[in-house]
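Student: These protein sequences, in sequence, are chains A and B.
First residue of the first sequence? That's 1 in full-length UniProt numbering, and the numbers climb one at a time after it.
First residue of the second sequence? That's 1 in full-length UniProt numbering, and the numbers climb one at a time after it.
Virtual Cβ for every residue (Gly too), placed ideally from N, Cα, C.
Predicted model only: the values in this text are computed from it and were never measured.
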Amino acid sequence: MTNKINWEFPQALEDEAIYILRETAAQFEKPVLLFSGGKDSITLVRLAQKAFYPGKIPFPLLHVDTGHNFPETIEFRDWLVNTLGLDIIVRNVQDSIDQGKVQEETGKYASRNALQTVTLLDAIEEGKFDACIGGARRDEEKARAKERIFSVRDEFGQWNAKMQRPELFDILNGKINIGENVRVFPISNWTELDVWNYIRREQLEIPSIYFAHEREIIERDGLYWPFSSYLNTTADEVPFRQKVRFRTVGDMTCTAAVISEADKLEDIIAEIMEAKISERGARIDDKRSEAAMEKRKQAGYF
Amino acid sequence: MEVLRIATSGSVDDGKSTLIGRLLYDTNSIPQDKMEALHAASKRKGLDFTDLSLLTDGLVAEREQGITIDVAHIYFSTPTRKYIIADTPGHIEYTRNMVTGASNAQVSLILIDARRGIVEQTYRHFFIANLLRIPYLVVCVNKMDLVDYSEARFNQIREDFQQLLDTASFKAQEVKFIPVSSLYGENVATRTNTIPWYQGDTLLEYLEQITFDQEDSRHPARFPIQSVIRPRTNAYHDFRGFAGKVSSGQFQVGDEVISLPSGQKSNIKTIEQFEKQLTAAHARESVVITLEDEIDSSRGNMLVKPEQAPELRKELTANICWMDQQLLTAGKTYLLQHNINRVKAKVQQINFVTDVTNHTRTTDKTSMGLNDIGNITIRTAQPVFADSYHENPANGAFILIDEFNNTTVAVGFII
């Protein structure tokens, strides 16, 4: 009954997000915007641009580069930062590995997804960031559905899901104790469709891998994995060329492709509306267990 | 597109999560992979049906115990509008999470188990929906299948509930009763012939019809200043704009405004939204306002219209819900945050604590505990520019923050 597409973006969501970003800039000494190069963090950059216009965005971006990103994402990141004149801090998971703080996973499912938490927490400590703005949405995953807008983390970055602060109306309490920091989620109440409709309305540029393109993939566990030098493959996993696109942008080792011909925003939106698979259904990192996200959040993942 | 926010509440095992699961299922909002995960999880639990409640209980501790501990936010949309459901806990010890979820809702959805009727938690939920002055209340009498779809049973519960309504402080709440079976999806999104004596709307039909009155826009104009935007670039050398979100009412270019607390007057020169110039700003819109004159205004100040300025108050009487393990003690100081404005405050007196079941008031209390609801008098170090919650909810609530551990310990509704 609901398969009719609603192209209209609910304006109330933008007003709410801008209000949250302004509160973040005002209540914290050193906020930072966690930027992954995905559509949600691109949306955040746009919102921040609007929130402080005609002034500059009053906080830097932080990108935790796993070294396993799609090259298209990195290219896009650099283009965006240059075009908008943004400040960006890049920290590398490779450095955490070299420092012996984390160990590279092995085997065919090896990914750096879990490793980036350590690099992120180190970067937060180094930069003395007291607020980290993230593009997580409550509709993505059921542990994220429980998250507050201002979500307090202890000095180990841990999320205590059972003892969250009450959050009333739109009154945001950003007061924290020394060592704690807050994760801020301005687009908590947006759905995947809202984000796409917003990108369409604002005519935002996004990395090319969101659009259908031909690439080498392998099939594993019923999912299409992008073939790259980072992926450990077995002898019977033979790459083949296929027209695909990506619905979310994570690492090349934990983001599955969908077969698609959609090369325009409108086609992508239509495809999402009809899709039988949820957005994070193509996230291999979520498939490790039913509580995969909750466990990672407790450990400081964003 | 409009957004309708609903808060659901019910007591343990009322089938609240199942009802939400049903709404999602019947509006085709559950993707196939999530549905398959639900089948598998239900099977692991030894159930012979798909437990839709597993969709919302997102924490390990919740799934283990089969209860809701904290608010989950769930989203679906129809061609008419976008819905946000705050699925709140029913358990008494998580009342503060329930208030969190309900504070932004336009609709309160209370579930009652048809076999058990009104229970202690129903009183609590109704009391809170009333305290928050949520405009619409839907009472779903659930599990009708377990009482043989009895009309008499439904009517009995409705009569019992009427006694609650008679005690309500907020009489304008629109109340709707619907007999449902969320397990079988009866009267959730589809009508079935099992309840022929009920010819009214299904839950979804009713929700789809709810009209938004722009009540906030009719209230006095209030613009709390979040920050001052001063780019000091060549292009915007003299630009000085006040960034904020209109709490209530509306402002137009040319309007005379005064800044509180200084009382300085000016007129609105421009209302801006990024690169757009607007002629007016309405309730809940985030904008930047520039004024004709240079006046002294900064974060925490408020722009209002001279003819509808709020009183500057340094003493407030308020209903509060206490949300912390540590007791509220008369004489203690806290930080009071009203909108974005934070001031030091001292609790002068606990006037009474209310029993939410029978509405009796105990007046000789010297402290309030977790989840207590009562009435206090509080004095602030600087004036606050607040309205009464019943006259203008958007400018009539505050929170109390513990000065030592920084946590939010109470929500208050100004009398």
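1) If the cut is a Cβ gap below 7 Å, which residues of chain A does N406 (chain B) touch?
2) Buried or exposed: which applies to N104 (chain B), given that a residue is buried once 16 or more other Cβ atoms fall within 10 Å of its Cβ?
3) For L168 (chain A), which of helix, strand or coil comes out of DSSP?
4) Give a yes or no on whether the minimum CB-CB distance between K34 (chain B) and chain A is below 8 Å.
5) So what does DSSP say about D113 (chain B), is it helix, strand or coil?
6) Give the range of the beta strand (DSSP E) segment to which W322 (chain B) is assigned.
7) Is it buried or exposed for Q65 (chain B), if we count other Cβ within 10 angstroms and need 16 for buried?
8) Looking only at its chain, what residues have a beta carbon closer than 7 Å to the beta carbon of D40 (chain A), apart from the 5 residues adjacent to it on each side?
9) Given that N181 (chain A) touches chain B, what residues does it touch there, using C-beta distances under 7 Å?
10) Consider the Cβ of V411 (chain B): report whether some Cβ of chain A lies at a distance smaller than 8 Å.
11) Using only the heavy atoms of the ligand ZN, determine whether one of them is closer than 7 Å to the beta carbon of F242 (chain B).
12) Straight-line CA distance for H219 (chain B) to L115 (chain A)?
13) For chain A, is any of its Cβ atoms less than 8 Å away from the one on K171 (chain B)?
14) If you draw a straight line from the C-alpha of T363 (chain B) to the C-alpha of G331 (chain B), how long is it?
15) Should the stretch 60-67 of chain A be regarded as contacting the stretch 29-39 of chain A, the criterion being three or more beta carbon pairs within less than 8 Å?
16) Within the same chain, show all residues whose beta-carbon is closer than 7 Å to that of F212 (chain B), passing over the 5 residues directly before and after it, in chain order.
17) Could you check where the alpha helix (DSSP H) with H125 (chain B) kicks off and where it finishes?
18) Can you name, in chain order, every residue of its own chain whose Cβ lies under 8 Å from the Cβ of G15 (chain B), other than the five neighbours on each side?
19) Can you name the residues of chain B whose CB is closer than 7 Å to the CB of S278 (chain A)?
20) Any idea what DSSP makes of A105 (chain B), helix, strand or coil?
21) Does chain B have any CB closer than 8 Å to the CB of A143 (chain A)?
22) Please state whether the Cβ-Cβ distance between V304 (chain B) and A221 (chain B) is less than 8 Å.
23) Taking Cβ-Cβ distances shorter than 7 Å, what residues in chain C pair up with Q164 (chain A)?
24) Taking Cβ to Cβ, would you say A189 (chain B) is nearer than 8 Å to V246 (chain B)?
25) Hey, could you find the ends of the beta strand (DSSP E) G127 (chain A) is sitting in?
26) Quick check on the DSSP output: what are the complete beta strand (DSSP E) runs of length 3 or more inside the stretch 11-74 of chain A, in order along the chain?
27) Give me the chain A residues within the contact set of residue 423 (chain B), using Cβ-Cβ distance strictly less than 7 Å, ordered along the chain.
28) With G241 (chain B) as the anchor, note down where its beta strand (DSSP E) starts and where it stops.
29) Drop a sphere of 10 angstroms on the beta-carbon of M1 (chain A), count the other beta-carbons inside from all chains shown, and report buried for 16 or more, exposed for fewer.
30) How would you write the range of the beta strand (DSSP E) that A410 (chain B) sits in, first residue to last?
31) Cα separation between K45 (chain B) and E205 (chain B)?
32) Would I225 (chain B) pass as a contact of F239 (chain B) if the rule is Cβ separation under 8 Å?
33) Identify every run of the beta strand (DSSP E) within the stretch 384-410 of chain B, keeping only runs that are complete inside it and at least 3 residues long; order them along the chain.
34) With R245 (chain A) and A262 (chain A) assumed to form a contact (beta carbons below 8 Å), what rounded beta-carbon distance in angstroms separates them?
35) What does a CB cutoff of less than 7 Å around F161 (chain B) pick up in its chain, not counting 5 residues either side in sequence?
36) Here's the rule: buried if 16 or more other CB atoms are within 10 angstroms of the residue's CB, otherwise exposed. What is T360 (chain B)?
Tutor: With the given structure in hand:
1) K175, I176 and N177
2) Buried: at least 16 other Cβ atoms inside 10 Å.
3) coil
4) yes
5) strand
6) For W322 (chain B), the uninterrupted beta strand (DSSP E) segment begins and ends at R313 to W322.
7) Exposed, since its Cβ has fewer than 16 Cβ neighbours within 10 Å.
8) G135, R137, I187 and V195
9) Near N181 (chain A) there are no residues of chain B at all, since even the closest Cβ is about 13 Å away, more than 7 Å.
10) yes
11) The ligand ZN is not part of the structure shown, which contains no ligands of any sort.
12) Going by the C-alpha atoms only, they are around 51 Å apart.
13) For K171 (chain B), the answer is no, since every Cβ of chain A falls outside 8 Å of its Cβ.
14) 16 Å
15) yes
16) E2
17) E120 to L131
18) S53, L111, D113, N142, K143, S182 and L183
19) P31, D33 and K34
20) coil
21) yes
22) yes
23) Judged by its chain identifiers, the structure shown contains no chain C, and its protein chains are A and B.
24) no
25) Looking at the DSSP string, G127 (chain A) is not in any beta strand (DSSP E); the run it does join, the alpha helix (DSSP H), is Q116 to G127.
26) 31-34 and 61-65
27) This structure cannot settle anything about residue 423 (chain B), because the visible part of chain B is limited to 1 through 415.
28) G241 to K245
29) For M1 (chain A), the pLDDT reaches just 36, beneath the cut-off of 50, and the residue's location in the model is therefore unreliable, although a value from the coordinates is still provided. The Cβ neighbour count for M1 (chain A), taken over all protein chains shown within 10 Å, is under 16; the residue is labelled exposed.
30) T408 to I414
31) 33 Å
32) no
33) 397-401
34) Yes, they are in contact, since the Cβ atoms of R245 (chain A) and A262 (chain A) sit about 6 Å apart, within 8 Å.
35) I118 and V139
36) exposed
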